[in-house]
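If you count by our numbering, then the sequence shown holds residues -4 to 142, one letter each, in order.
Here is the structure we will look at, set down as structure tokens.
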Amino acid sequence: MNQVVVKRKFGSLRFIGSLMKVFAWISIALGIIGMLSTIIGGLTNAVTVNVFQPQAVESLARMGLRGPLVNVLILTLVGLGGVLAGILAYILFMAAGDQVHVLIDTEHNSRAMVELMTRLVQLQTPLPPTPVSSPPAIMAPESPVEP
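Take a look at the structure:
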């Protein structure tokens, strides 16, 4: 068929858009790894959280939360914060990468449309004007016929 072939441009921008999508997946993976490592660190007591306010320690003790349990609870909340940050970074990186690709595709489609319009104009040939050799004949009005 009669297809339009337009040269692809902006290879570096395409690469940057794809790289942003890769960063999106890396950020969500790091968020999940961060959450798992903080929870495992809290469960194994490899990571401890010091609460410096005595009122907070007393309040937690009244609720039945002491030492290791407080540590696991706080680290779980920190881990969830890491996952939420990873999800937010995923959304932002993915949106930015898609936006770069949409802008490049819009430019590509615009150039293809210009090429098609140029071909259409080139294919159209104006019709020559019809020559006028003699003026149109004017008929005399008919006289009324009497019976």
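Beta carbons: idealized from backbone N, C-alpha and C, even for Gly.
No experiment lies behind these values; they were computed from the predicted model shown.
Chain D contact for Gln50 (CB, 9 Å cutoff): Of the protein chains in this structure there is only one, and it is not chain D.
DSSP three-state assignment for Arg57, whether helix, strand or coil: helix
Nearest to Ser22 (by Cα), restricted to the options Ser7, Ser105, Thr71, Leu87: Leu87
Span of the alpha helix (DSSP H) around Val17: Residue range 6 to 38 is occupied by the alpha helix (DSSP H) that includes Val17.
Coil, strand or helix - Gln50 by DSSP: helix
Gly6, buried or exposed, once every other Cβ within 10 Å from all chains shown has been counted against 16: exposed
C-beta contact flag for Ala90 and Val1 at 9 Å: no
For Gly36 and Glu68, believed in contact at Cβ under 8 Å, the rounded distance: A quick correction: the sequence has Leu, not Glu, at residue 68. In fact, because the Cβ distance is near 13 Å, the residues do not count as touching under 8 Å.
Three-state secondary structure (DSSP) of Gln94: helix
Buried versus exposed call for Thr33 [16 or more other C-beta atoms within 10 Å across all chains shown]: Buried, since its Cβ has 16 or more Cβ neighbours within 10 Å.
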